[in-house]
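*Asks:* Please find one structure pasted underneath; my questions will follow.
Numbering (mature numbering (1 follows the signal peptide of the UniProt record, and there is no 0)), first residue to last: -26 to -1, 1 to 185.
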């Protein structure tokens, strides 16, 4: 009973945190109070908006999954402002994805948004840069605070299905390996070799892999 209460309180705190942080809008564009966002454009006349701007049929069904760019073995369906234009005024993104065995998302962060994740099927090894990481099983929930570098990895023998929620209309990911080895302008090979204590040949090879 105590464990159940603790879990319930933790989930309430996580949900409240996401709810409250949603008011910290990521937009920097000043628009009239009466303006309406539709398909990432601003319209003064609300008559231009219709019911389809608030609805997307079967948007999270598995048949809508597409390969996630630069992440082999991960397929996802994203509901954001490009899918439902009305999300532009709400500030939320939902992703349903499936991770094949051994599929992973490299170290990354979301500079503007926090992320809440729950596993529907299978298990997932997740964490951010703190001493302890966690294995998520079906029904478990994990939150990644805004800007924290984190990862996801399916260490199981079966596929894992999960739902991710962001408190922003269009989430952005900053992939750490690409940011380091494929930056423009590039970071000095001398610096990277000394920083990571690697030979320059290894640095050159890493550049080829992430460019």
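Here a beta-carbon is modelled for each residue, glycine too, at the ideal position from N, C-alpha and C.
Here the structure is a predicted model, which is why all the values come from computation and not from measurement.
Just list the residues that DSSP pairs residue 40 with in beta bridges.
*Replies:* Bridge partners of residue 40: 50.
*Asks:* If you pair each beta-carbon of the segment 31 to 47 with each one of the segment 68 to 83, do three or more pairs fall below 8 Å?
*Replies:* At 8 Å Cβ cutoff, the stretches touch.
*Asks:* With the cut-off set at 7 Å, would you say residue 90 and residue 139 are in Cβ contact?
*Replies:* The answer is yes: Cβ separation under 7 Å.
*Asks:* Count the other CB atoms, across all protein chains shown, that sit within 10 Å of the CB of residue 100; report buried if there are 16 or more and exposed otherwise.
*Replies:* The residue is buried, with at least 16 neighbouring Cβ atoms inside 10 Å.
*Asks:* Does the contact criterion of 3 or more C-beta pairs under 8 Å hold for the segment 78 to 92 versus the segment 111 to 125?
*Replies:* The segment 78 to 92 vs the segment 111 to 125: in contact.
*Asks:* Determine the direct distance from the alpha carbon of residue 156 to that of residue 76, and round the result to whole angstroms.
*Replies:* Their Cα atoms are separated by approximately 24 Å.
*Asks:* Bridge partners of residue 67, per DSSP?
*Replies:* For residue 67, which the question treats as bridged, DSSP gives the partners 140.
*Asks:* Does the segment 51 to 66 come close enough to the segment 108 to 124 to have 3 or more Cβ pairs within less than 8 Å?
*Replies:* As far as the Cβ criterion goes, the segment 51 to 66 does not touch the segment 108 to 124, which means the pair count is below three.
*Asks:* When the Cα atoms are used, what is the spatial distance from residue 57 to residue 143?
*Replies:* Between residue 57 and residue 143, the C-alpha separation is close to 10 Å.
*Asks:* Tell me whether residue 184 sits in a helix, a strand or coil according to DSSP, three-state version.
*Replies:* Three-state result, residue 184: helix.
*Asks:* Let's see if you can read the secondary structure: which residues bound the alpha helix (DSSP H) around residue 170?
*Replies:* Per DSSP, residue 170 belongs to the alpha helix (DSSP H) from 163 to 170.
*Asks:* Tell me whether residue 159 sits in a helix, a strand or coil according to DSSP, three-state version.
*Replies:* Here residue 159 sits in coil by DSSP.
*Asks:* If we define contact as Cβ-Cβ less than 7 Å, is residue 165 a contact residue for chain B?
*Replies:* As a matter of chain content, chain B is missing from the structure shown, which is built from one protein chain.
*Asks:* Do you know whose CA, among 115, 53, 98, 108, lies nearest residue 33's CA?
*Replies:* Answer by Cα proximity: 53.
*Asks:* If we ignore side chains and look at the alpha-carbon of each, how far apart do residue 61 and residue 25 end up?
*Replies:* Residue 61 and residue 25: Cα-Cα distance of roughly 13 Å.
*Asks:* So for residue -19, helix, strand or coil by DSSP?
*Replies:* Unreliable placement is indicated for residue -19, whose pLDDT of 38 sits below 50; the coordinate value is still reported in the next sentence. Residue -19 falls in the helix class under three-state DSSP.
*Asks:* In the DSSP assignment, find the unbroken beta strand (DSSP E) run with residue 74 in it and report its ends.
*Replies:* Neither: residue 74 is in no beta strand (DSSP E) and is coded neither H nor E.
*Asks:* Less than 7 Å between the beta carbons of residue 134 and residue 98, yes or no?
*Replies:* In this structure, residue 98 lies closer than 7 Å to residue 134 by Cβ.
*Asks:* Classify residue 23 as helix, strand or coil using the three-state DSSP reduction.
*Replies:* Here residue 23 sits in coil by DSSP.
*Asks:* Report yes if the CB atom of residue 87 is closer than 7 Å to the CB atom of residue 45, and no otherwise.
*Replies:* Cβ distance not < 7 Å, so residue 87 and residue 45 don't count as in contact.
*Asks:* Do you know whose CA, among 48, 43, 59, lies nearest residue 27's CA?
*Replies:* It is 59.
*Asks:* For the beta strand (DSSP E) containing residue 125, name the first residue and the last one.
*Replies:* Taken as a continuous stretch (DSSP letters only), the beta strand (DSSP E) holding residue 125 covers 124 to 127.
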